[in-house]
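Asker: Counted the way the numbering used here counts, the sequence shown spans residues 46 to 130.
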Amino acid sequence: MIKQIVDACYQLQIQCILVEGGSKLLQSIIDIGLWDEARVIVNKNLVVNQGLRAPVLSNQSIIKSESLFSDTVTYFSNKNMGNKA
46 MIKQIVDACY
56 QLQIQCILVE
66 GGSKLLQSII
76 DIGLWDEARV
86 IVNKNLVVNQ
96 GLRAPVLSNQ
106 SIIKSESLFS
116 DTVTYFSNKN
126 MGNKA
């Protein structure tokens, strides 16, 4: 289904898609390689004893990392897509 949506966007000349989803949707997009940039926000003060596991990136390169209050924001690019950031 994801591939069909991306193909339809390509036909409509849509060049950029922002995806904010749950763990399963994001992991599916990562697994089929349809991502070029990801931003991961980690809060060092947040403790979660139970919950869903976060998606795991593959083929990633760190572009930059910065602190914002108690958060660390890390920017990643997909090595297979090139650095577009």
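Think of the CB as a built atom: it goes at the ideal place given N, C-alpha and C, for glycine as much as any other residue.
Everything numeric in this text was worked out from a predicted model, so none of it was measured.
Near R84, which residues of its chain fall below 8 Å by C-beta distance, leaving aside the five closest residues on each side in sequence?
Answerer: V118, T119, Y120, F121
Asker: Is DSSP giving S122 helix, strand or coil here?
Answerer: strand
Asker: By how many angstroms is the C-alpha of E82 removed from the C-alpha of M126?
Answerer: 9 Å
Asker: Just to confirm my understanding: we take Q72, look at its own chain, exclude 5 residues before and 5 after, and list those with CB closer than 6 Å. What are they?
Answerer: P100
Asker: Where does S115 fall in DSSP's three states?
Answerer: coil
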